[in-house]
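According to my numbering, the sequence shown is numbered sequentially starting from 1023. Built from N, CA and C at the ideal position, the CB exists for glycine as well.
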Amino acid sequence: MNQNVKIEYTKKFRKQYSRLSPKVRDQFKKRQRLWLSDPYNSQLHLHMLTGEYAGLYSINVTGDIRALYEKINDTYVIFGFIGIHSQLYG
1023 MNQNVKIEYT KKFRKQYSRL SPKVRDQFKK RQRLWLSDPY NSQLHLHMLT
1073 GEYAGLYSIN VTGDIRALYE KINDTYVIFG FIGIHSQLYG
């Protein structure tokens, strides 16, 4: 990735994000910056999902919080979900 990536957020993502603590929201911003500069950094645990979320990618925000996004192309992604692992994959 790079800094020129256009990022959008679904309504669902924005709603889930607004319910997170300020500390977790800040951590997401930090992880998103890391993802833009180094998407394969081991802290992110970036991987493509299967099953219900097939085609989406997951990054680690905190120990149990994940952010899921869809890569439309090399310069455009849409973040669709953010939440606790068990809520997303439960």
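**Request:** Inspect the CB distances between the region 1085 to 1103 and the region 1034 to 1044 and report whether three or more fall short of 8 angstroms.
**Result:** yes
**Request:** Can you tell me which of the three DSSP states Ser-1043 falls into?
**Result:** coil
**Request:** Could you check what DSSP says for His-1067 in three-state terms: helix, strand or coil?
**Result:** coil
**Distance, Glu-1030 Cα to Ser-1043 Cα** = 21 angstroms
**Request:** Would you decide whether Ala-1076 is buried or exposed? Buried here means 16 or more other CB atoms lie within 10 Å of its CB.
**Result:** exposed
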